[in-house]
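Protein chains: 2
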Amino acid sequence: MVRVVIVGGGAAGASAAARARRLDPNAEVVLIERGSMITHAPCGMPYAIGGIVKSHEDLMTYRPEEFEKERNIRVLTRAAVLDVDVDKRMVAVQRGSSVEKIQWDKLVIATGAKPLVPKIPGVDLKGVLTMRHPDEVPEIKGHLEKAKTVAVVGGGYIGVEMAEVLLEMGKKVLLFEMADQLLPATLDPDTAAIVAEEMKSRGVELHLGEKVVELAGTGHVSKVVTEKGEYNVDEVILATGVKPDVDLALKAGAKLGETGAVYVNEYMETTVPDVYAAGDVVEKTHRLTGRRVWIPLAPTANKEGQVAGGNAVRGRVLKFPGVVGTAVTKFYNLYIARTGLSEREASQLGLKTQSALIKARTKAHYMPGAETVHMKLIAEESTGRILGAQVLGRSQIVAAYVDIVAVAAERGYTVSDMFFADIGYMPDTAPVWHPLIVAARVLSRGKL
Amino acid sequence: MVRVVIVGGGAAGASAAARARRLDPNAEVVLIERGSMITHAPCGMPYAIGGIVKSHEDLMTYRPEEFEKERNIRVLTRAAVLDVDVDKRMVAVQRGSSVEKIQWDKLVIATGAKPLVPKIPGVDLKGVLTMRHPDEVPEIKGHLEKAKTVAVVGGGYIGVEMAEVLLEMGKKVLLFEMADQLLPATLDPDTAAIVAEEMKSRGVELHLGEKVVELAGTGHVSKVVTEKGEYNVDEVILATGVKPDVDLALKAGAKLGETGAVYVNEYMETTVPDVYAAGDVVEKTHRLTGRRVWIPLAPTANKEGQVAGGNAVRGRVLKFPGVVGTAVTKFYNLYIARTGLSEREASQLGLKTQSALIKARTKAHYMPGAETVHMKLIAEESTGRILGAQVLGRSQIVAAYVDIVAVAAERGYTVSDMFFADIGYMPDTAPVWHPLIVAARVLSRGKL
Chain A
1 MVRVVIVGGG AAGASAAARA RRLDPNAEVV LIERGSMITH APCGMPYAIG
51 GIVKSHEDLM TYRPEEFEKE RNIRVLTRAA VLDVDVDKRM VAVQRGSSVE
101 KIQWDKLVIA TGAKPLVPKI PGVDLKGVLT MRHPDEVPEI KGHLEKAKTV
151 AVVGGGYIGV EMAEVLLEMG KKVLLFEMAD QLLPATLDPD TAAIVAEEMK
201 SRGVELHLGE KVVELAGTGH VSKVVTEKGE YNVDEVILAT GVKPDVDLAL
251 KAGAKLGETG AVYVNEYMET TVPDVYAAGD VVEKTHRLTG RRVWIPLAPT
301 ANKEGQVAGG NAVRGRVLKF PGVVGTAVTK FYNLYIARTG LSEREASQLG
351 LKTQSALIKA RTKAHYMPGA ETVHMKLIAE ESTGRILGAQ VLGRSQIVAA
401 YVDIVAVAAE RGYTVSDMFF ADIGYMPDTA PVWHPLIVAA RVLSRGKL
Chain B
1 MVRVVIVGGG AAGASAAARA RRLDPNAEVV LIERGSMITH APCGMPYAIG
51 GIVKSHEDLM TYRPEEFEKE RNIRVLTRAA VLDVDVDKRM VAVQRGSSVE
101 KIQWDKLVIA TGAKPLVPKI PGVDLKGVLT MRHPDEVPEI KGHLEKAKTV
151 AVVGGGYIGV EMAEVLLEMG KKVLLFEMAD QLLPATLDPD TAAIVAEEMK
201 SRGVELHLGE KVVELAGTGH VSKVVTEKGE YNVDEVILAT GVKPDVDLAL
251 KAGAKLGETG AVYVNEYMET TVPDVYAAGD VVEKTHRLTG RRVWIPLAPT
301 ANKEGQVAGG NAVRGRVLKF PGVVGTAVTK FYNLYIARTG LSEREASQLG
351 LKTQSALIKA RTKAHYMPGA ETVHMKLIAE ESTGRILGAQ VLGRSQIVAA
401 YVDIVAVAAE RGYTVSDMFF ADIGYMPDTA PVWHPLIVAA RVLSRGKL
């Protein structure tokens with residue numbers, strides 16, 4: 001009987017546990033989670049803070065009891081793994097004041113990511129909030145309750161989503177981003193400008209290209225200090241990025257990759273025998289470039305967990321092929337999706353790009369309810385190979401437009417292939433010339 | 001100076017004309033159209049009949065005058081091509097009472113499709129309506145105005161869409177389909193049953209597996225007679241399919257293909273030198289099977305027209321690669337999309353299939369506004385190759401789910417490839433396990 005211990009009850013860990021159990025009904029499967037929940041969705045935190053989701057516990061897909069009873073997985077919540085001994089195949093787990101040693105034959109590290117807190121004065125003040133785990137939602141809500149003015153530091157996904165939620169809570173919102181655009185890691189300046197416009201029109205006081213150098217206050221934060229000015233605030237949301245939580249992996253002797261996240265091969269094996277890792281703690285292969293990247297996202301974590309859990313009990317039965325760089329966020333009803341490489345990323349890799357940014361609609365011109373879509377399609381100049389897309393629009397469907405490109409780019413579609421893709425049409429679902437087809441045509445520079 | 005004559009001002013013809021003009025500013029381009037409009041969208045006819053689209057003229061993208069002035073294309077509307085002389089490179093065109101002979105160096109036949117009228121008694125009665133051209137909308141509206149009970153004969157796309165429109169106009173609707181399911185050409189029985197359920201719940205009196213054998217009445221239709229019964233009606237919509245309008249192509253000596261539509265190669269050349277054909281009049285290559293099929297749809301027509309028009313003035317500059325079988329319709333807010341092969345089609349080709357039909361949602365379980373999605377994914381049993389998908393749901397996004405599969409299937413995705421596709425996620429655009437990923441997992445029969 002194989003003993004599989006999984007550390008981390010989020011997407012990757014829970015998925016690994018479920019998979020190990022399913023493939024080996026005789027395995028002993030233990031899932032260890034620091035917080036009170038498993039299968040929790042940190043991606044839903046903004047909406048739980050804002051009250052769109054009633055309780056943070058709704059962010060769970062399964063309760064620990066369900067995993068225990070229905071799947072026969074031992075679940076330890078509020079349990080911290082203090083140490084790991086690879087030679088003795090043991091983890092030391094603290095719950096409350098007691099420490100338990102748990103044996104394993106296979107260990108899966110799914111410790112996720114943690115907020116990257118900038119090293120500036122004042123980050124430890126009360127009222128400076130980070131977001132990592134749904135357990136924190138009630139406390140964050142409590143902090144925000146009486147606040148009138150809230151600063152969001154960081155214009156990435158969490159920053160953008162929190163800006164919406166805070167406005168809806170009736171707060172005055174100041175958003176600071178040191179880059180001169182929003183979503184600098186994922187969008188190019190042209191598409192990011194559309195998001196900025198939308199934010200301003202909704203009332204966010206946007207400070208782009210403005211680095212926060214200090215958070216000030218007596219006990220509780222009361223001021224954001226940037227290179228350019230000082231701003232009175234009641235609370236601060238620090239959304240300055242995340243980093244892989246590699247502490248346990250390092251204790252196990254696992255090597256980190258070039259990105260600083262845990263290195264794993266396509267079987268989700270670390271460099272330490274019988275130790276697997278999956279989810280936000282590991283780096284991934286980018287399928288368009290072959291390079292190692294660190295893109296921590298829940299759907300990837302789920303699949304990596306599935307692979308790690310299966311391989312832990314069965315040996316190399318599944319391979320995780322990597323990611324294409326698909327990601328989605330939204331600000332109110334402006335959905336913002338992207339895949340592949342941005343022009344900036346491509347340029348950093350020495351690829352010369354061509355792009356088309358078009359404005360189109362989600363339905364035939366004569367149908368009511370059509371929404372505007374901004375579609376940017378990016379190709380390699382020399383080959384016409386599709387490298388990526390950035391799509392924004394007031395319809396959930398733009399997220400799926402990007403999924404089409406994700407599959408197309410992964411399979412080497414050229415601009416011409418995209419133009420000739422058999423994308424469906426009826427007047428109420430798309431224009432007869434679909435935004436993607438039009439973008440391909442424009443990008444062909446007259447060839448199509 | 002090359003003279004290009006295009007017969008048919010719909011999707012394929014207008015697209016060919018625009019493309020020929022763009023690639024050769026010196027060409028003489030003549031577009032001949034039987035009706036009053038060009039770039040018209042017959043797909044929008046139900047919504048113009050129902051008043052969702054105010055005027056049938058809104059179904060035009062460009063007015064003839066715009067094509068003439070802005071693109072320098074000579075447009076002849078209400079013009080019938082009586083004959084074609086390939087040796088003399090001439091067409092005889094009748095407008096009103098005068099006949100004009102027009103010379104061409106390249107001829108593009110884009111005569112489209114016409115309703116397939118069943119050979120049963122009574123189809124010529126007044127009040128028996130077919131739908132082909134937006135020009136007919138005012139007349140059809142006039143007919144329907146006073147009708148209380150309307151029979152729709154045929155449960156294909158037009159039948160389904162007209163059933164909604166007629167209900168919204170306050171009519172009692174009887175729908176007759178001789179097959180024992182709706183949408184028999186495109187859906188399998190399991191997914192078609194979901195459409196039938198929806199139709200019944202909205203009040204359509206559905207007669208499946210019931211062949212209409214006669215339309216009866218004195219001058220005006222008043223009765224539908226089937227093998228099973230007789231039904232009093234005020235008007236009848238004949239939506240029993242379409243066939244390619246090959247008359248002109250035959251006059252030109254072009255060969256028809258195995259499907260009965262005009263044969264063209266990938267350059268959209270017919271078997272007659274300098275005579276091209278595009279759109280609903282031609283058969284296409286199915287990219288998943290390599291077989292010739294006749295699937296008449298506007299987006300395909302547009303692209304074929306583009307290829308034909310470009311090649312007519314420039315020689316073989318573009319190839320049309322064929323279709324994957326993507327199509328979309330809707331009944332109220334139930335969107336119905338499909339691509340690739342149905343299980344029935346696959347079976348007819350001797351392919352053994354496996355399929356999964358799952359019920360999923362369009363958003364994370366905790367987000368408001370999620371809609372149910374029925375997703376059927378079909379793969380070849382021996383190879384796991386994705387063959388097709390049928391997706392139904394109360395959100396426009398299901399159409400795009402099918403587009404993802406269209407691209408994936410075209411590039412040989414297996415069930416495993418689909419599972420590992422980098423499909424995007426945020427709580428408001430998809431569940432973290434996307435319906436497509438879940439369907440792939442279920443379809444893997446435990447392998448994923």
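Chains as they are written, first to last, in UniProt numbering: chain A, 1 to 448; chain B, 1 to 448. Heads up, the beta-carbon is just placed ideally off N, CA and C, and yes, glycines get one too.
Local conformation of residue i per DSSP, three classes
i: Pro115 (chain B); result: strand
i: Gln348 (chain A); result: helix
i: Pro267 (chain A); result: Residue identity differs from the one stated: residue 267 (chain A) is Tyr in this sequence, not Pro. Residue state, collapsed to three classes: coil.
i: Gly10 (chain A); result: coil
i: Arg231 (chain B); result: Here the sequence assigns Tyr to residue 231 (chain B), which means Arg is not the residue at that position. Of the three classes helix, strand and coil, the one that applies to Tyr231 (chain B) here is strand, per DSSP.
i: His133 (chain A); result: coil
i: Gly142 (chain A); result: helix
i: Lys303 (chain A); result: helix
i: Phe419 (chain A); result: helix
i: Ile295 (chain B); result: coil
i: Met367 (chain B); result: coil
i: Val402 (chain A); result: helix
i: Glu100 (chain B); result: strand
i: Leu341 (chain B); result: coil
i: Gly122 (chain A); result: coil
i: Leu448 (chain A); result: coil
i: Gly388 (chain B); result: strand
i: Glu283 (chain A); result: coil
i: Ser355 (chain B); result: strand
i: Leu23 (chain B); result: helix
i: Glu28 (chain B); result: strand
i: Tyr157 (chain A); result: helix
i: Met426 (chain A); result: coil
i: Arg89 (chain B); result: coil
i: Arg314 (chain B); result: helix
Short CB-CB distance (under 8 Å) between residue i and chain B
i: Pro64 (chain A); result: no
i: Ala440 (chain A); result: no
i: Thr372 (chain A); result: no
i: Ala337 (chain A); result: yes
i: Ala268 (chain A); result: In the sequence as presented, Ala is not what sits at residue 268 (chain A); that position holds Met. Chain B, which has no Cβ nearer than 8 Å to the Cβ of Met268 (chain A), makes this no.
i: Asp422 (chain A); result: yes
Buried versus exposed call for residue i [16 or more other C-beta atoms within 10 Å across all chains shown]
i: Asp417 (chain B); result: buried
i: Pro435 (chain B); result: buried
i: residue 497 (chain A); result: As shown, chain A starts at 1 and ends at 448. That puts residue 497 (chain A) outside it, with no answer to give.
i: Arg441 (chain B); result: buried
i: Asp247 (chain A); result: exposed
i: Thr218 (chain A); result: exposed
i: Thr383 (chain B); result: exposed
i: Met1 (chain B); result: exposed
i: Gln306 (chain B); result: buried
i: residue 454 (chain B); result: As displayed, chain B neither begins before 1 nor continues past 448, which places residue 454 (chain B) out of reach and without an answer.
Closer than 8 Å to chain A by CB, residue i
i: Gly44 (chain B); result: yes
i: Val407 (chain B); result: yes
i: Pro427 (chain B); result: yes
Any non-hydrogen atom of the ligand MG within 7 Å of residue i CB
i: Pro118 (chain A); result: The ligand MG is not part of this structure, which contains no ligands at all.
- Give, in chain order, every residue of the stretch 394-405 of chain B whose Cβ lies closer than 9 Å to some Cβ of chain A. Result list: Ser395, Gln396, Ile397, Val398, Ala399, Ala400, Tyr401, Val402, Asp403, Ile404, Val405.
- Task: Give the residues from the stretch 280-307 of chain B that approach chain A closer than 8 Å (Cβ to any Cβ), ordered along the chain.
- Result: Arg287, Leu297, Ala298, Pro299, Thr300, Asn302, Lys303, Gln306
- Taking only runs of the beta strand (DSSP E) that begin and end inside the stretch 30-86 of chain B, which ones reach a length of at least 3 residues, in chain order? 74-76, 79-85
- Segments of 3+ residues assigned as beta strand (DSSP E) that fall wholly inside the stretch 167-223 of chain B: Counting whole runs of 3 or more residues, the stretch 167-223 of chain B contains the beta strand (DSSP E) stretches 172-177, 205-208, 212-218.
- Return the chain-ordered ranges of every alpha helix (DSSP H) run that is complete within the stretch 235-259 of chain B and spans a minimum of 4 residues. 247-251
- Task: Give the residues from the stretch 153-183 of chain B that approach chain E closer than 9 Å (Cβ to any Cβ), ordered along the chain.
- Result: Here chain E cannot be found, since the structure's protein chains are A and B.
- Query: For the stretch 46-59 of chain A, which residues have a CB atom closer than 7 Å to at least one CB atom of chain B, in sequence order?
  - Reply: Tyr47, Ile52, Val53, Asp58, Leu59
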